[in-house]
Amino acid sequence: MKVVFMGTPAFAVPSLEALLAASDVVAVVTRPDQPQGRGLRVGPPPVAVAATQYALDVLQPGTLRDPGFLARLRDLGPDLFVVVAFGRIIPPDVLALASMGGINLHPSMLPRYRGAAPIPRAIAAGETATGVTVLHLSEELDAGDIILQRAAPIQPDDTGATLEARLARDGAALLVEALGLLETGRAPRVVQDSSRATFAPKVAREEAWISWSDPAAKIVNQVRAFDPWPVARTRRDGAPLEIWRAAALPDRGPEAPGTVVAAGREGLVVAAGLGRVRILEVQPPAGRRMPAADYLRGHPVAPGTVLGSARG
């Protein structure tokens with residue numbers, strides 16, 4: 008089966024590598040080079056890097072309507088488009104260039120968490136399980152008929168980064184299984200129940216700011232969900248302080264939310280709207296990630312200090 012693979016971030020790389028062993032990947036379509044990382048240096052997306060290492064034909068059109076790009080797809084004559092975190096909706100006339108249309112890997116148990124950010128949204132919501140879905144592409148985002156699904160637990164210490172890595176591996180294996188069903192004409196088409204759909208919109212940077220009036224459990228889920236981006240944060244003396252790891256404590260006290268209750272070898276303990284949060288790992292401006300205890304040795308915080316939000 009001649010496959011054109013479409014994907015962009017690191018999440019898509021295991022799927023590409025799995026497909027190389029299971030099909031004839033005739034080209035890889037990915038996004039143009041873009042600023043990346045904290046330094047915002049322009050570079051190729053992870054899928055482009057991986058595809059180049061495997062000596063694959065890499066296409067990076069500025070738009071999917073580009074005449075040269077469309078002509079190249081026609082020349083390739085693919086049987087199937089396989090889309091994994093590509094970052095753009097595939098127009099119907101592009102899908103029509105593959106004899107079997109296209110399939111997509113989505114990291115949730117659809118119809119739950121349709122949209123751009125199912126992994127951080129599931130963690131932030133306190134979910135204990137999620138999964139991966141392989142589905143037929145449709146005009147409506149993440150609403151196509153389901154081919155296969157596989158559930159996966161969300162561990163209490165999972166972050167966006169750890170869960171993404173695990174679902175990337177699970178999804179790659181499920182894609183290969185779905186491809187086999189398609190090749191033999193045995194792939195199911197299970198219509199989604201849209202009445203059960205929930206949505207996972209793209210995460211905005213301003214969502215990273217912690218509201219200390221929230222319950223401790225919600226704040227800790229926020230910290231877990233926004234690793235590796237945009238990273239949960241608070242303010243100390245007006246300067247941002249990123250929080251990479253934290254734990255919820257059941258303790259309650261009279262302190263106002265955001266008040267530092269204790270600071271020492273076991274980290275920073277901060278009052279929340281319900282319970283307290285122990286901050287375990289932080290990153291100050293222009294600094295490195297470090298245990299909160301190490302941060303406190305160089306930047307002491309007195310009990311009674313009040314940590315702020317985006318504006319304070």
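Letter by letter, the sequence shown follows residues 8 to 319 of the working numbering.
Glycine included, C-beta positions come from ideal geometry on N, C-alpha and C.
Exercise for the section: Given a cut-off of 8 Å, decide if L142 and I126 are closer than it, judged by their beta-carbon atoms. Expected result: Locating residue 126 in the sequence shown gives position 119, where the first residue counts as 1. Locating residue 142 in the sequence shown gives position 135, where the first residue counts as 1. Their beta carbons are not under 8 Å apart, which means I126 does not touch L142 by this criterion.
Problem - Among L63, D301 and G280, nearest to L287 - alpha-carbon criterion - result: For this step, residue 287 is matched to residue 280 along the sequence shown. Answer by Cα proximity: D301.
Exercise for the section: Could you tell me the distance, in whole angstroms, from the CA atom of G319 to the CA atom of P264? Expected result: The sequence position of residue 319 within the sequence shown is 312, counting from 1. The sequence position of residue 264 within the sequence shown is 257, counting from 1. At G319, the pLDDT of 45 sits below 50, so the modelled position is not reliable and the matter cannot be decided from this model.
Exercise for the section: Whole angstroms is fine: what's the gap from A19's alpha carbon to D64's? Expected result: One-based indexing of the sequence shown puts residue 19 at position 12. One-based indexing of the sequence shown puts residue 64 at position 57. Rounded to the nearest angstrom, the two C-alpha atoms are 16 Å apart.
Exercise for the section: Mind listing, in chain order, the continuous alpha helix (DSSP H) runs of no fewer than 4 residues lying wholly within the stretch 134-212? Expected result: 167-190
Handout entry: Meets three-Cβ-pair contact criterion under 8 Å: the stretch 28-35 and the stretch 51-66
Key = yes
Problem - Sequence-distant residues of its chain with Cβ nearer than 6 Å to E190 (five each side left out) - result: Position 183 of the sequence shown, counted from the start, is the residue given in the question as residue 190. Excluding sequence neighbours, E190 sits near M8.
Practice task
Could you check the C-alpha separation between E134 and A78 for me, to the nearest Å?
Solution key: Position 127 of the sequence shown, counted from the first residue, corresponds to residue 134. Position 71 of the sequence shown, counted from the first residue, corresponds to residue 78. Each residue's Cα considered, the two are about 44 Å apart.
Handout entry: Where the beta strand (DSSP E) through F76 begins and ends
Key = Here the question's residue 76 lines up with position 69 in the sequence shown. F76 -> not in any beta strand (DSSP E); alpha helix (DSSP H) instead, spanning P74 to L83.
Exercise for the section: Within the same chain, show all residues whose beta-carbon is closer than 6 Å to that of G280, passing over the 5 residues directly before and after it, in chain order. Expected result: Taking the first residue of the sequence shown as position 1, residue 280 is located at position 273. Here the set comprises S220, D221, P222 and P264.
Handout entry: Coarse secondary structure for Q290, derived from DSSP in three states
Key = Position 283 of the sequence shown, counted from the start, is the residue given in the question as residue 290. Q290 falls in the strand class under three-state DSSP.
Practice task
Note down, in chain order, each residue of its chain lying with its Cβ closer than 8 Å to the Cβ of A254, except the 5 sequence neighbours on either side.
Solution key: Within the sequence shown, numbered from 1, the residue matching residue 254 stands at position 247. So the list reads V227, V284, R285 and L287, once near-sequence residues are dropped.
Handout entry: Endpoints, the alpha helix (DSSP H) within which V250 is located
Key = Residue mapping note: residue 250 aligns to position 243 of the sequence shown, counting from 1. Strictly speaking, residue 250 in this sequence is Ile, with Val absent from that position. No alpha helix (DSSP H) contains I250, which is instead part of the beta strand (DSSP E) from A246 to L256.
Practice task
Please name the residue in P51, G84, E273 and A194 whose C-alpha comes closest to that of G14.
Solution key: Position 7 of the sequence shown, counted from the first residue, corresponds to residue 14. Out of P51, G84, E273 and A194, P51 has the C-alpha closest to the C-alpha of G14.
Handout entry: Where L47 falls: helix, strand or coil (DSSP)
Key = Here the question's residue 47 lines up with position 40 in the sequence shown. In the structure shown, L47 sits in coil (DSSP, three-state: anything other than H, G, I, E or B).
Handout entry: Per DSSP, the bridge partner or partners of F12
Key = Within the sequence shown, residue 12 is the residue found at index 5, counting from 1. Note: F12 sits in a beta bridge opposite V35 and V89.
Exercise for the section: Determine the extent of the beta strand (DSSP E) in which R242 is found, giving its start and end residues. Expected result: As a working mapping, residue 242 is identified with position 235 in the sequence shown. Per DSSP, R242 belongs to the beta strand (DSSP E) from R240 to R243.
Problem - Backbone CA spacing between K225 and R231 [nearest angstrom] - result: Within the sequence shown, numbered from 1, the residue matching residue 225 stands at position 218. Within the sequence shown, numbered from 1, the residue matching residue 231 stands at position 224. Distance between the alpha carbons of K225 and R231 is about 10 Å.
Problem - Distance between V54 and L23 (C-alpha atoms, nearest Å) - result: Looking up residue 23 in the sequence shown gives position 16. Looking up residue 54 in the sequence shown gives position 47. Distance between the alpha carbons of L23 and V54 is about 8 Å.
Handout entry: Cα-Cα separation between H306 and R173, rounded to whole angstroms
Key = For the purposes of this step, residue 306 is taken as the residue at position 299 of the sequence shown. For the purposes of this step, residue 173 is taken as the residue at position 166 of the sequence shown. Computed Cα separation, rounded: 36 Å.
Handout entry: CB contact flag (P21, R176, <8 Å)
Key = By 1-based counting over the sequence shown, the position of residue 21 is 14. By 1-based counting over the sequence shown, the position of residue 176 is 169. Closer than 8 Å, so yes.
Exercise for the section: Go ahead and pull the three-state DSSP assignment for Q229. Expected result: As a working mapping, residue 229 is identified with position 222 in the sequence shown. In the structure shown, Q229 sits in a helix (DSSP, three-state: H, G or I).
Exercise for the section: Kindly list the residues whose CB is nearer than 8 Å to the CB of E262, restricted to its own chain and excluding five residues on each side of it in sequence; keep chain order. Expected result: Here residue 262 refers to the residue found at position 255 when the sequence shown is read from its first residue. These residues qualify, in order along the chain: V268 and A278.
Handout entry: Three-way DSSP call (helix, strand, coil) for P60 in this model
Key = Working through the sequence shown from its first residue, we reach residue 60 at position 53. Checking the sequence, you will find Gln at residue 60 rather than Pro. If DSSP states are grouped into helix, strand and coil, Q60 belongs with the helices.
Exercise for the section: Kindly identify the DSSP beta-bridge partner or partners of G122. Expected result: The residue you call residue 122 lines up with position 115 of the sequence shown. In the DSSP output, where bridge partners are listed per residue, G122 has none listed.
Problem - Beta bridge counterpart(s) of Q41 as assigned by DSSP - result: Locating residue 41 in the sequence shown gives position 34, counting from the first residue. Bridge partners of Q41: G50.
Practice task
Using a threshold of 8 Å, state whether the C-beta atoms of W251 and D234 are closer than that.
Solution key: In the sequence shown, counting from the first residue as 1, residue 251 sits at position 244. In the sequence shown, counting from the first residue as 1, residue 234 sits at position 227. Contact flag set, yes.
Handout entry: alpha helix (DSSP H) segment containing G305, residue limits
Key = In the sequence shown, the residue the question calls residue 305 occupies position 298. A299 to G305 is the extent of the alpha helix (DSSP H) around G305.
Problem - Through-space distance from R121 to S201, alpha-carbon basis - result: Within the sequence shown, the letter at position 194 stands for residue 201. Within the sequence shown, the letter at position 114 stands for residue 121. Rounded to whole angstroms, S201 to R121 spans 10 Å at the Cα level.
Problem - Spatial neighbours of A29 in its chain, beta-carbon cut-off 7 Å, leaving aside the 5 residues before and after - result: On the sequence shown, residue 29 is found 22 positions in, with the first residue counted as 1. Contacts found: V183 and L186.
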